[in-house]
Amino acid sequence: MLKVTKFGGSSMADAGQYKKVRDIITADPERRVVVVSAAGKRNSADHKITDLLYLCHAHTQYGVACDPVFEMITSRYIEIRDELGIQLDLETEFAELKERLDAKQVSQDEMASRGEYFSAKLMAAYLGFDFVDSADWVFFNIDGTVDTEKSYAALSAKAKDCHGVVIPGFYGVMPDGTIRTFSRGGSDITGSLAAAALDAGVYENWTDVSGILMADPRIVENPHPIAEITYEELRELAYAGANVLHEGAIYPVRKKNIPLNIRNTNDPAAPGTMIRKHFDSETDPDRIITGITGKKDFSIITIFKRGLTNEVGILRRILSVLEKHGVSVEFVPNGMDNVSLAIPTAKLTPHLYAILADIQQDIAPDNITVHDQIAVITAVGHQMAFRPGVSGKIFAALGKADINIRMINQGPDEVNIIFGVENKDFADAIRVLYNSFIK
Ligand code: ASP
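Our numbering applies: residue 58 is where the sequence shown begins, and numbers increase by one.
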């Protein structure tokens with residue numbers, strides 16, 4: 058079985074981290090494909106190389122010398138090389154890059170991509186693997202999507218006879234040969250594409266946390282990591298605020314049914330989180346909730362009109378007012394004579410009065426109210442489906458803790474239960490839920 062591994066910025070931050078990566082790779086001969094990020098922060102006061110590259114490029118665009126920033130970038134890589142005793146001429150390549158940069162011949166994307174490029178060059182030399190440039194296999198279409206067929210064929214051909222390869226994440230080429238990057242955090246996508254291209258048995262995404270946690274550690278003390286999660290559940294969790302992977306990284310592996318394992322470079326013995334399409338056997342049938350997450354600062358517009366539910370087309374008319382103002386609605390709970398629209402306050406505020414005026418005119422409601430400071434909490438778990446009593450248990454626990462529920466929303470597929478509380482109760486509600494479901 059082939060394992061494609063991807064190491065994020067913190068795993069590439071210094072020589073000590075490179076050693077950990079090498080130990081992980083040599084511990085398992087199936088780990089033959091390594092995708093790397095640019096060097097990340099070594100501590101909280103440090104800079105990510107990618108940020109410095111953007112900064113350096115911006116300087117030159119305004120005709121301001123970027124030498125000190127460029128020096129910070131080169132010295133990070135040279136330090137790693139020298140500390141590890143790697144034989145590799147980086148100086149010549151850096152000098153060439155600087156010359157082209159000063160001549161304004163380097164695009165912003167190409168500049169940003171060099172962080173991954175130099176990481177991969179160094180890691181390849183350190184591991185004794187072949188370097189495969191992503192400019193030679195990640196092919197973008199003109200619209201910015203990836204031509205997967207062409208890219209997969211190119212990588213398979215390149216990796217076929219290698220005993221091990223290191224690939225820079227984050228970038229590829231446009232049809233005209235210029236370098237283009239993914240959005241920030243996009244090395245996750247490169248790893249996923251490589252896993253799909255090579256029909257890997259697993260895509261290991263090595264980070265600095267021991268998997269996806271069941272709740273935000275800033276709210277719940279020492280939350281358990283999630284051992285297993287489906288792609289669908291992960292989407293729900295990520296949508297509602299839990300941020301672990303680049304969203305674009307899920308599609309390539311999911312399409313090929315390749316499991317994705319989130320692992321911790323600083324704790325390689327921990328099994329991390331396994332993400333799959335579905336699980337045949339549940340590791341823990343008592344674990345009803347997979348994860349809990351949420352977002353603060355929603356506004357809820359409630360429109361009251363007698364007989365609203367019997368009025369054909371009224372929901373469409375309400376939603377077209379929002380559409381007209383370019384505001385998307387996240388939840389639409391409703392009652393007999395009212396309907397509510399939950400919208401992030403920051404998106405609603407610039408359009409609020411115009412929207413209220415249009416609703417007044419088009420719908421002629423009996424009353425409209427707007428409540429701010431609402432937090433939306435999502436409990437995710439595919440095992441909640443068709444299991445009676447889960448919402449009862451959630452609401453009983455919140456009631457006992459004196460937390461008032463302002464909104465309830467549950468989809469018929471029951472992968473999640475969503476409810477709104479006041480911003481001030483956000484953290485308490487998450488803690489109450491965690492403690493009542495997760496032992
Ligand atoms: N280095 C890039 C970033 O900082 C891409 C990545 O690390 O995934 O966004």
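Cβ atoms here follow ideal geometry from the backbone N, Cα and C, with glycine treated the same way.
For clarity, every value in this text was computed on a predicted model and none was experimentally measured.
Give the straight-line distance between the Cα atoms of V266 and R333, rounded to the nearest whole angstrom. Residue numbering aside, residue 266 sits at position 209 when the sequence shown is read from its first letter. Residue numbering aside, residue 333 sits at position 276 when the sequence shown is read from its first letter. Cα to Cα, the separation comes out at about 19 Å.
I need the boundaries of the alpha helix (DSSP H) containing Y119, first residue and last residue. Taking the sequence shown and counting its residues from 1, one reaches residue 119 at position 62. First-last for Y119: undefined, no H or E at that position.
I want to check one thing, is the minimum distance from the CB of A70 to the heavy atoms of ligand 1 below 7 Å? Walking along the sequence shown from the start, residue 70 turns up at place 13. No, Cβ of A70 sits at least 7 Å from all heavy atoms of ligand 1.
Rounded to a whole number of angstroms, what is the C-alpha to C-alpha distance between R374 and K457? Working through the sequence shown from its first residue, we reach residue 374 at position 317. Working through the sequence shown from its first residue, we reach residue 457 at position 400. So the two alpha carbons sit approximately 39 Å from each other.
Is S241 near ligand 1, in the sense that its beta carbon is under 7 Å from a heavy atom of that ligand? For the purposes of this step, residue 241 is identified with residue 184 of the sequence shown, where counting begins at 1. The residue asked about is misnamed: residue 241 is Arg in this sequence, not Ser. Flag set: Cβ of R241 near ligand 1.
Option nearest D394 by Cα separation, candidates A251, R363, E380, S176: Taking the first residue of the sequence shown as position 1, residue 394 is located at position 337. The shortest C-alpha separation from D394 is found at R363.
Per DSSP, the bridge partner or partners of G348: For this step, residue 348 is matched to residue 291 along the sequence shown. The partner list for G348 (beta bridge, DSSP) reads V437.
Less than 8 Å between the C-beta atoms of L179 and Y134, yes or no? Taking the sequence shown and counting its residues from 1, one reaches residue 179 at position 122. Taking the sequence shown and counting its residues from 1, one reaches residue 134 at position 77. Yes; because the gap between Cβ atoms is below 8 Å, this pair is in contact.
Tell me which residue opens and which closes the beta strand (DSSP E) that G229 is part of. In the sequence shown, the residue the question calls residue 229 occupies position 172. Note, G229: beta strand (DSSP E), 228 to 230.
Can you check which of these residues, T435, R463, A169, A399, is closest to G242 by C-alpha distance? As a first step, residue 242 must be located in the sequence shown, where it is residue number 185. The option with the nearest alpha carbon to G242 is A169.
Let me confirm a value: Y119 is counted as buried when at least 16 other C-beta atoms fall within 10 Å, else exposed. Which label applies? As a working note, residue 119 is residue 62 in the sequence shown. Y119 should be labelled exposed.
Straight-line CA distance for A181 to A403? The residue labelled residue 181 in the question sits at position 124 within the sequence shown. The residue labelled residue 403 in the question sits at position 346 within the sequence shown. In a straight line, the C-alpha of A181 is about 45 Å away from that of A403.
Reducing DSSP to helix, strand and coil, say where A326 ends up. Reading the sequence shown from its first residue, position 269 is the one you call residue 326. DSSP places A326 in coil when its eight states are reduced to three.
Let me check understanding here. Comparing Cα to Cα, which of E285, V91, T149, K353 lies closest to H439? Looking up residue 439 in the sequence shown gives position 382. With distances taken between Cα atoms, H439 lies closest to E285.
Could you tell me the distance, in whole angstroms, from the CA atom of F494 to the CA atom of I349? Position 437 of the sequence shown holds residue 494. Position 292 of the sequence shown holds residue 349. Approximately 10 Å, taken between the alpha carbons.
Alpha-carbon to alpha-carbon, A411 and A257: Sequence index remark: in the sequence shown, residue 257 carries index 200 (1-based). Sequence index remark: in the sequence shown, residue 411 carries index 354 (1-based). Answer to the nearest angstrom: the Cα atoms are 52 Å apart.
Assigned exposure category for N367 - 16 Cβ within 10 Å defines buried: The residue you call residue 367 lines up with position 310 of the sequence shown. Exposed: under 16 other Cβ atoms inside 10 Å.
CB-CB length for I224 against V259, believed under 8 Å: Here residue 224 is taken as the residue at index 167 of the sequence shown, counted from 1. Here residue 259 is taken as the residue at index 202 of the sequence shown, counted from 1. Incorrect: roughly 16 Å between the Cβ atoms, too far for contact.
Smallest Cα separation from T131: which of F388, L147, A327? As a first step, residue 131 is located in the sequence shown; it is residue number 74 there, counting from the start. It is L147.
May I ask whether a heavy atom of ligand 1 can be found less than 7 Å away from the beta carbon of A95? The residue labelled residue 95 in the question sits at position 38 within the sequence shown. Because some heavy atom of ligand 1 lies under 7 Å away, the Cβ of A95 counts as near it: yes.
DSSP beta-bridge partners for N395? Here residue 395 refers to the residue found at position 338 of the sequence shown. N395 pairs with F361.
Would you please state the rounded distance, in angstroms, between the beta carbons of V396 and L372? I believe it to be under 8 Å. Counting from one through the sequence shown, the residue named residue 396 turns up at place 339. Counting from one through the sequence shown, the residue named residue 372 turns up at place 315. The pair is a contact, with the Cβ atoms about 7 Å apart (cut-off 8 Å).
Taking 7 Å as the line, does the beta carbon of E167 fall inside it for any heavy atom of ligand 1? Mapped onto the sequence shown, residue 167 falls at position 110. No, the Cβ of E167 stays beyond 7 Å of every heavy atom of ligand 1.
Smallest Cα separation from H335: which of D459, Y288, V91, I400? Taking the sequence shown and counting its residues from 1, the one referred to as residue 335 is at position 278. The residue with the shortest Cα to Cα distance from H335 is Y288.
For D245 and G392, what's the separation of their Cα atoms in angstroms? Here residue 245 corresponds to residue number 188 of the sequence shown, with the count starting at 1. Here residue 392 corresponds to residue number 335 of the sequence shown, with the count starting at 1. Cα-Cα distance, rounded: 43 Å.
Using only the heavy atoms of ligand 1, determine whether one of them is closer than 7 Å to the beta carbon of L107. Residue 107 sits at position 50 when you count from the first residue of the sequence shown. Residue identity check: residue 107 is Thr in the sequence provided, not Leu. Checking every heavy atom of ligand 1 against the Cβ of T107, one is found closer than 7 Å.
Looking only at C-alpha atoms, which of H408, M58, G66 sits nearest to Y174? Position 117 of the sequence shown, counting from 1, holds the residue named residue 174. Cα-wise, what sits closest to Y174 is G66.
Give the range of the alpha helix (DSSP H) segment to which Q467 is assigned. Within the sequence shown, numbered from 1, the residue matching residue 467 stands at position 410. Note, Q467: premise wrong, no alpha helix (DSSP H); beta strand (DSSP E) at 464 to 467.
Can you tell me which of P390, I431, G468 puts its alpha carbon nearest to the alpha carbon of N461? The count along the sequence shown starts at 1 and reaches residue 461 at position 404. Closest option to N461, Cα to Cα, is I431.
With respect to the beta strand (DSSP E) encompassing K60, which residues constitute its N-terminal and C-terminal limits? Numbered from its first residue, the sequence shown carries residue 60 at position 3. Residues 60 to 64.
In whole angstroms, what separates the C-alpha of I106 from that of S377? Looking up residue 106 in the sequence shown gives position 49. Looking up residue 377 in the sequence shown gives position 320. Approximately 45 Å between the Cα atoms of the pair.
Do L302 and A254 have their C-beta atoms within less than 8 Å of each other? By 1-based counting over the sequence shown, the position of residue 302 is 245. By 1-based counting over the sequence shown, the position of residue 254 is 197. No, these two residues do not count as a Cβ contact at 8 Å.
Do three or more CB pairs link the region 215 to 224 to the region 84 to 94 at distances below 8 Å? yes
Only counting the same chain, and skipping five residues up and downstream in sequence, which positions put a Cβ closer than 6 Å to that of L250? Numbered from its first residue, the sequence shown carries residue 250 at position 193. Excluding positions up to five away in sequence, the list reads P309.
What does the alpha-carbon distance come out to for the pair M58 and E87? Locating residue 58 in the sequence shown gives position 1, where the first residue counts as 1. Locating residue 87 in the sequence shown gives position 30, where the first residue counts as 1. Spanning the two alpha carbons is a distance of roughly 6 Å.
Under the three-state DSSP convention, the category T149 falls into: Here the question's residue 149 lines up with position 92 in the sequence shown. Helix at T149.
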